[in-house]
Amino acid sequence: MTALRPSGAFLSSVLDLAKWDAALYTDKILKQSLRDQMWAPVKLNNGTSHPYGFGWYLDPVGGHKQVHHGGSLPGFRAEITRFVDDKLTVVILTNGDNANPSSIALGVAALYIPALIPERTAARVDPRVFDAYVGQYQPNPSVVLTVTREGDKLMMQQGSSAEKRELVPENEANFFTKEDRRPTFSFVKDEKGQITYLVVQIEGREVGKAKKIK
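Oh and the sequence shown: position 3 is 4 in this note's numbering, straight run, nothing missing.
Put into structure tokens, the structure is as follows:
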């Protein structure tokens with residue numbers, strides 16, 4: 002049986018991954034001590050830690066322990082997410098390059114774990130405020146995020162082929178998306194009042210920062 006491979010490719014069915022998940026609750030394949038190591042954050046040379054174990058991302062959600070990993074091939078994207086303490090696992094296999102299986106997995110998990118994902122309320126904001134946010138933002142040299150205003154909506158797109166997503170205002174500076182309510186997208190101004198960065202936070206922790214380049 003081949004599960005999600007470290008390279009990001011996957012060759013498994015949902016039933017394969019269900020069997021793998023069941024085995025990970027026992028000592029049949031890996032002892033508890035090895036599983037504990039697998040789900041412990043890696044220690045970096047500078048003394049800090051990073052939320053990644055042996056082949057698993059370690060991202061708590063709403064106070065619930067989550068270990069997960071994705072996989073992809075051209076035309077396919079997948080995710081297995083395990084809420085270990087809740088004994089809940091969600092496996093998502095999709096036929097689409099632009100699919101977001103991790104977001105789908107959390108949405109399914111939220112049906113079984115109350116208050117896993119926070120409720121967000123859209124605010125009424127003058128669309129003219131959005132004009133200052135329009136432009137291009139670069140989180141790293143290989144990625145560009147484009148923010149546009151389309152009527153009374155603020156839209157965001159990664160690259161030129163990805164699907165546009167609406168940034169729903171929670172107030173004049175903070176936004177979320179309907180597809181994934183966890184991240185907060187905040188536009189940051191400098192001392193002159195000019196927008197300089199787009200910052201992404203999840204549960205109060207900064208997970209991304211993109212500089213406005215245009």
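Positions of the beta carbon are idealized from the N, C-alpha and C atoms, including for glycine.
Rounded separation between residue i and residue j - CA only
i: Arg78; j: Lys190; result: 36 Å
i: Val91; j: Lys154; result: 33 Å
i: Lys210; j: Lys193; result: 20 Å
i: Ser104; j: Thr82; result: 10 Å
i: Asp159; j: Gln139; result: With the sequence shown as reference, residue 159 is identified as Gln, and Asp is not the correct amino acid for it. For Gln159 and Gln139, the distance between alpha carbons rounds to 10 Å.
i: Asn141; j: Ala123; result: 29 Å
i: Phe176; j: Leu31; result: 42 Å
i: Ser143; j: Ala23; result: 38 Å
i: Glu80; j: Val15; result: 10 Å
i: Ser34; j: Lys212; result: 42 Å
i: Glu204; j: Asp28; result: 33 Å
i: Leu94; j: Ser161; result: 24 Å
Residues that residue i bridges to, as DSSP identifies them
i: Val92; result: Ile81
i: Ile196; result: Lys190
i: Glu151; result: Lys154
i: Lys179; result: None; Lys179 has no bridge partner.
i: Pro184; result: Ile203
i: Gly54; result: Partner(s): none; Gly54 has no beta bridge.
i: Gly136; result: Val148
i: Gln33; result: Its beta-bridge partners do not exist; DSSP assigns none.
Cβ-based neighbour list, residue i, same chain, cut-off 7 Å, excluding 5 preceding and 5 following
i: Val135; result: Val148, Thr149 and Arg150
i: Leu59; result: Trp40, Pro42, Pro52, Tyr53 and Val68
i: Phe188; result: Tyr134, Ala174, Ile196 and Leu199
i: Asp132; result: Arg150
i: Asp1; result: The first residue shown for the chain is 2 and the last is 215, placing residue 1 beyond what the model contains.
Exposure of residue i, with buried meaning 16 or more beta-carbon neighbours within 10 Å
i: Gln67; result: buried
i: Leu45; result: exposed
i: Gly72; result: buried
i: Glu207; result: exposed
i: Phe257; result: Lying before the first or after the last residue shown, residue 257 is absent from the chain, which here runs from 2 to 215.
Close Cβ partners of residue i (< 8 Å) along its chain, the five nearest in sequence each way excluded
i: Met2; result: Reliability fails at Met2, whose pLDDT of 31 lies under 50, so the model's placement of it is uncertain and no value is given.
i: Leu89; result: Arg83, Ala110, Tyr113 and Ile114
i: Ile214; result: Gly136, Gln137, Tyr138, Gln139 and Val145
i: Gly76; result: Asn96, Gly97 and Asp98
i: Arg36; result: Leu25
Contact check, residue i vs residue j, beta carbons under 8 Å
i: Ile114; j: His70; result: no
i: Gly180; j: Asn99; result: It should be pointed out that residue 180 corresponds to Glu in this sequence rather than to Gly. Not closer than 8 Å, so no.
i: Pro119; j: Arg182; result: yes
i: Glu167; j: Thr178; result: yes
i: Val62; j: Leu117; result: yes
Sequence-distant residues of its chain with Cβ nearer than 6 Å to residue i (five each side left out)
i: Val130; result: Glu173
i: Phe55; result: Met39
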